[in-house]
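Before any comments, here is the structure.
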Amino acid sequence: MGNVSVTLAFIIFLASYIGIMTEKINRALVACCGGVIMLVLGLLEVEQAFFEHVDWNTIALLFSMMVLVSITSQNGVFEYIAILLARQVKGKPIPLLIVMSTITAIGSAFLDNVTTVLLLVPIIITLTNMLNVSSTPFLISAILFANIGGTATLIGDPPNIMIGQAVDHLDFNDFIMNLGPVVFLIYIVVIGGISLFYRRSLFISSEKRLQLMQLDPKEFLKKGPMLYKSVTVLLLTICGFLLHPLLHLDLTTVAMSGALLLLLITTEEQEIEEVFRSIEWVTLFFFIGLFILVGGLIEVGIIDEMARGILSWTEGDIPKTAIIILWGSGLLSGFVDNIPFVAAMIPVIMEFEEYGIQNLDPLWWALALGSCLGGNATLIGASANVIVAGLASKSKQTFSFVQFFLIGFPVVIVSLIISTIYLVLRYLLAYF
């Protein structure tokens, strides 16, 4: 494509991004408008947009989990879990923040971060409403630790799944052994920083804490066939996620099976139309618009040039390449969806084999760390961020793009510094 196409694609993407940041117009509308303008100007074809660039696996996974969470939430399950957790820490705000952040990080590692936030955000919103405390610190922490936890395993974050599929010799255990230690270190540093940052602004009155300790969690459960059906199917779906390497079924197939099964067995207790009305359609259409926008950048060659540019600067030097991939993917992933960036980088890294370089593992770990951790920089940096923002907006617990950026971006810088030290000490010293 010519320079005019490249310029147009960049201007449309930048204008859409500014529109999303300012939040004057609904972000799904902005993203879809930007995508359609790219289609109208011929920067990409409709077939390319909908069959190559929109990740329908992600859309279907999100939709299915929204169905499961919507039906399960009608039975008071999330209220039950919320009260149980809050009582364990006696309603103290900072211990509660640490508990919810830790559960988010662990869940994101062993389920995946998208599923984890869909399950935990309703609990967080229920809890903060009950204790009459701002949900913003808890929701921002959920995003941060969903992305941090998701970095640790092969199934935790989409970039890791893509790398695992592309590189035959890297399996589930390799990801945990190589990424687990640095993720744990980042978790410790960030949880300490977040606790210090919010220690003065988070306050729960002794009256509210006393009321909480007097509550019986079981009273919130609506016992009946629908409760047992929804909890059973949700647990079966989660087991399916954990066993998906053995079952040879992808996460989307497992989630869709669970959602359809639950819809089928609860038709007597509820209207399917009601369930569909509770779906976060704004979030789903925002993703579709964003995928088309980034698809336009791919088609005019911007993403590919970025990836090749990173490697041309390093002239095949492994330590320099690893550090540039880490920081390049880390900073770009906050502003451009990390999935297409990783898709563009994988074949470029593989080209290094033609230079006679046998051990590319440091580059794969640099790409995984940068693209997963970099998603914390902005509200559209990763799938989990968009979902939390959408669920918060639906519950009228909104926080702004800038509000998140002021916390998320410093977290990314700290995470990348720790990752740099880890990469150098564990993989790159031998090259110096």
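Take the sequence shown: its letters are residues 536 to 967, numbered as in my numbering. We treat Cβ as the ideally placed atom computed from N, Cα and C, and that holds for glycine.
Under a Cβ-count criterion, where at least 16 other Cβ atoms within 10 Å of its own Cβ denotes burial, should F967 be classed as buried or exposed?
-> Here residue 967 refers to the residue found at position 432 when the sequence shown is read from its first residue. F967 comes out exposed.
Use the C-beta contact count for I807: other C-beta atoms within 10 angstroms, 16 or more gives buried, fewer gives exposed.
-> The count along the sequence shown starts at 1 and reaches residue 807 at position 272. Classification of I807: exposed, given that the 10 Å Cβ count is below 16.
Euclidean distance between Cα positions of P897 and D590 = Taking the sequence shown and counting its residues from 1, one reaches residue 897 at position 362. Taking the sequence shown and counting its residues from 1, one reaches residue 590 at position 55. Each residue's Cα considered, the two are about 28 Å apart.
Under a Cβ-count criterion, where at least 16 other Cβ atoms within 10 Å of its own Cβ denotes burial, should L958 be classed as buried or exposed?
-> Start at 1 with the first residue of the sequence shown, and residue 958 comes out as number 423. Result: buried.
Given S813 as reference, the closest of A544, S736, K929 once Cα atoms are compared = Here residue 813 is taken as the residue at index 278 of the sequence shown, counted from 1. The shortest C-alpha separation from S813 is found at K929.
Relative to the ligand ADP, is the shortest distance from any of its heavy atoms to the C-beta of I658 smaller than 8 Å?
-> In the structure shown, the ligand ADP is absent, as is every other ligand, since no ligand is present at all.
Indicate whether K625 and M748 have their beta-carbon atoms separated by less than 9 Å.
-> Sequence index remark: in the sequence shown, residue 625 carries index 90 (1-based). Sequence index remark: in the sequence shown, residue 748 carries index 213 (1-based). Cβ distance < 9 Å, so K625 and M748 count as in contact.
C907 classed as buried or exposed, judged by whether at least 16 other C-beta atoms fall within 10 angstroms = Along the sequence shown, one-based indexing puts residue 907 at 372. Buried.
Buried versus exposed, by CB contacts within 10 Å (16 or more), N538 | The residue given as residue 538 occupies position 3 in the sequence shown. By the 10 Å Cβ count, N538 comes out exposed.
When the Cβ atoms of the segment 925–940 are set against those of the segment 717–726, are three or more pairs found closer than 8 Å?
-> no
Rounded to a whole number of angstroms, what is the C-alpha to C-alpha distance between E742 and N667?
-> By 1-based counting over the sequence shown, the position of residue 742 is 207. By 1-based counting over the sequence shown, the position of residue 667 is 132. Cα to Cα, E742 sits roughly 11 Å from N667.
Determine the extent of the alpha helix (DSSP H) in which Q893 is found, giving its start and end residues.
-> If you number the sequence shown from 1, residue 893 lands on position 358. First-last for Q893: undefined, no H or E at that position.
If you compare alpha carbons, which of E840, E834, A917, I874 is closest to T583?
-> As a working note, residue 583 is residue 48 in the sequence shown. The residue asked about is misnamed: residue 583 is Gln in this sequence, not Thr. Q583 has its Cα closest to that of E834, out of E840, E834, A917, I874.
For my contact list, L653 and V604 are in at a C-beta cut-off of 8 Å; report their separation, rounded to the angstrom.
-> In the sequence shown, residue 653 corresponds to position 118, counting from 1. In the sequence shown, residue 604 corresponds to position 69, counting from 1. Between V604 and L653 the Cβ distance is about 5 Å, and since that is below 8 Å, they are a contact.
Along the chain, which unbroken stretches of the alpha helix (DSSP H) at least 4 residues long are found entirely within the segment 612–700?
-> 612–623, 628–645, 648–666, 671–685
Between G925 and G916, which are expected to be in contact by the criterion C-beta below 8 Å, what is the C-beta distance as a whole number of angstroms?
-> Stepping through the sequence shown from its first residue, residue 925 is reached at position 390. Stepping through the sequence shown from its first residue, residue 916 is reached at position 381. That belief does not hold up - the Cβ atoms of G925 and G916 are roughly 15 Å apart, past 8 Å.
Going by C-alpha distance, which of L549, V649, L620, F645 is nearest L596?
-> In the sequence shown, residue 596 corresponds to position 61, counting from 1. The shortest Cα separation from L596 among L549, V649, L620, F645 belongs to V649.
Under the assumption that S540 contacts G793 (Cβ atoms under 8 Å), give the Cβ distance between them as a whole number of angstroms.
-> Mapped onto the sequence shown, residue 540 falls at position 5. Mapped onto the sequence shown, residue 793 falls at position 258. Actually they are not in contact, since the Cβ atoms of S540 and G793 sit about 43 Å apart, beyond 8 Å.
Closest by C-alpha distance to I711, when choosing among S643, S730, I827, G831 = For this step, residue 711 is matched to residue 176 along the sequence shown. Residue S643 is the option with its Cα nearest to I711.
For S736, three-class secondary structure by DSSP = Against the sequence shown, residue 736 aligns to sequence position 201. In the structure shown, S736 sits in coil (DSSP, three-state: anything other than H, G, I, E or B).
Below 8 Å, can you find three or more Cβ-Cβ pairs linking the segment 670–682 to the segment 701–708?
-> no
Rounded separation between I858 and T955 - CA only | The sequence position of residue 858 within the sequence shown is 323, counting from 1. The sequence position of residue 955 within the sequence shown is 420, counting from 1. Between I858 and T955, the C-alpha separation is close to 7 Å.
Contact set for M601: own chain, Cβ-Cβ below 7 Å, skip 5 residues either direction | For the purposes of this step, residue 601 is taken as the residue at position 66 of the sequence shown. Closer than 7 Å at Cβ, skipping near neighbours: L653, I814, E815.
CA-CA distance, P945 and A927?
-> The sequence position of residue 945 within the sequence shown is 410, counting from 1. The sequence position of residue 927 within the sequence shown is 392, counting from 1. Answer to the nearest angstrom: the Cα atoms are 22 Å apart.
Tell me, to the nearest whole angstrom, how far the beta carbon of R521 is from that of I633; I am working on the premise that it is less than 8 Å.
-> Residue numbering for the chain in the displayed model covers 536 to 967; residue 521 lies beyond these limits and cannot be assessed.
Close beta carbons around L782, own chain, < 8 Å, minus the five adjacent residues each side | As a working mapping, residue 782 is identified with position 247 in the sequence shown. G775, V789, listed in sequence order.
Please list the segments of the alpha helix (DSSP H) lying wholly inside the segment 745–784, counting only runs of 4 or more residues, in order along the chain.
-> 760–777, 779–782
Whole-angstrom distance between I546 and L607, CA atom to CA atom | Position 72 of the sequence shown holds residue 607. Position 11 of the sequence shown holds residue 546. As written in the sequence, residue 607 is Thr, which differs from the Leu given in the question. Approximately 43 Å, taken between the alpha carbons.
Excluding sequence positions up to five away, which residues of its chain have a Cβ less than 7 Å from the Cβ of N713?
-> Taking the sequence shown and counting its residues from 1, one reaches residue 713 at position 178. These residues qualify, in order along the chain: W900.
Three-state class that DSSP yields for A595 in the structure shown = The residue you call residue 595 lines up with position 60 of the sequence shown. In the structure shown, A595 sits in a helix (DSSP, three-state: H, G or I).
Can you give the Cα-Cα distance for I739 and G830, rounded to whole angstroms?
-> Position 204 of the sequence shown, counted from the start, is the residue given in the question as residue 739. Position 295 of the sequence shown, counted from the start, is the residue given in the question as residue 830. One C-alpha to the other measures close to 46 Å.
For Y615, which residues from the same chain have a beta carbon less than 6 Å from its beta carbon, with the 5 sequence-adjacent residues on both sides left out?
-> The sequence position of residue 615 within the sequence shown is 80, counting from 1. Excluding residues within five positions, the ones whose Cβ falls inside 6 Å are P752, F755, L756.
V877 and P716: beta carbons closer than 9 Å?
-> Locating residue 877 in the sequence shown gives position 342, counting from the first residue. Locating residue 716 in the sequence shown gives position 181, counting from the first residue. Result no, Cβ atoms of V877 and P716 do not sit closer than 9 Å.
CB G684 to CB T651, shorter than 9 Å?
-> In the sequence shown, residue 684 corresponds to position 149, counting from 1. In the sequence shown, residue 651 corresponds to position 116, counting from 1. Yes, they are a contact pair.
Looking at Q805 and Q932, is the spacing between their C-beta atoms short of 9 Å?
-> For this step, residue 932 is matched to residue 397 along the sequence shown. For this step, residue 805 is matched to residue 270 along the sequence shown. Cβ distance not < 9 Å, so Q932 and Q805 don't count as in contact.
Reference R843, options E886, F822, G869, closest by Cα | Sequence index remark: in the sequence shown, residue 843 carries index 308 (1-based). The shortest Cα separation from R843 among E886, F822, G869 belongs to E886.
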